[in-house]
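For reference, the structure is listed below as structure tokens.
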Amino acid sequence: MNTTVETPVTRNPASADANTFQKLLAQHRGIVMKVAASYCCDRDDRADLAQDIALQLWRAWPSYDRSRPFPTWMYRVALNVAISHRRSAQQRRGDEPLGEEHEHLVGCGDVDAIDGEQMAIVQRAMQSLGRIDRALLLLHLEGCSHRETGEVLGISESNAATRLTRIRQQLRLHTGNHEQGAQHGYA
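Under our numbering, think of the first position of the sequence shown as 132, with each following residue one higher.
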């Protein structure tokens, strides 16, 4: 599978701004790939979502506040695109539409790689979670503190901690094994 995220920088590829965007996207493409993998099980769907995220990042690039960390902005855009993608897919399948209460998701932190086996286990477990809980777990796996997670999701630090505890309990039930859950960062 080609994990390269292509960018539609045909507007003015010689410009320094486009070059800066391309460099930052390449440097932090793990964020795009991880969000896509967290929201799509199918390889082709992941590739489509990653491409949609890259396109939306490019479209939103002019509004990026350079005084803020790029990974935070990138994560926010990626999560919003992933949530919209999932909602569209559910509506096409005739599933219940998703709620609108947390459409303002943003992100924090940089991405560390997860090995294939760990990612498969986490991915299966994450599919059992709702949108917000999935985003909360993803931020936890990225190493965000409860305070950062709360800021990102628009909830209090204590609410983030409480929800994470409940998610851990739910995932332990999903995996059927407390020790296995602990190995994968959600116990």
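Don't be surprised by glycine CBs; every beta carbon is placed ideally from N, CA and C. The model shown is predicted, which means the values in this text are computed figures rather than measured ones.
DSSP places G261 outside both helix and strand once states are collapsed to three, so it counts as coil. The C-beta distance from A167 to A213 rounds to 7 Å, short enough to fall under 8 Å. For R190, the uninterrupted alpha helix (DSSP H) segment begins and ends at R174 to A191.
Ranked by how close their Cα comes to the Cα of R299, the residues L267, L284, A209 and I286 have L267 in first place.
Shown here, I286 sits in coil according to DSSP, grouped into three states, outside any helix or strand. Take the alpha-carbon of G261 and the one of I162: they are about 20 Å apart. For S169, the enclosing alpha helix (DSSP H) starts and ends at R160 to Y170. In terms of CA proximity to Y206, L156 leads the group L156, P193, S198 and R174.
No Cβ-Cβ contact shorter than 8 Å links R218 with D264.
A Cβ-Cβ separation of about 7 Å places F152 in contact with W189 under the 8 Å criterion.
DSSP, reduced to helix, strand and coil, places Y195 outside both helices and strands of the structure shown, so it counts as coil.
The DSSP-derived three-state label of S219 is helix.
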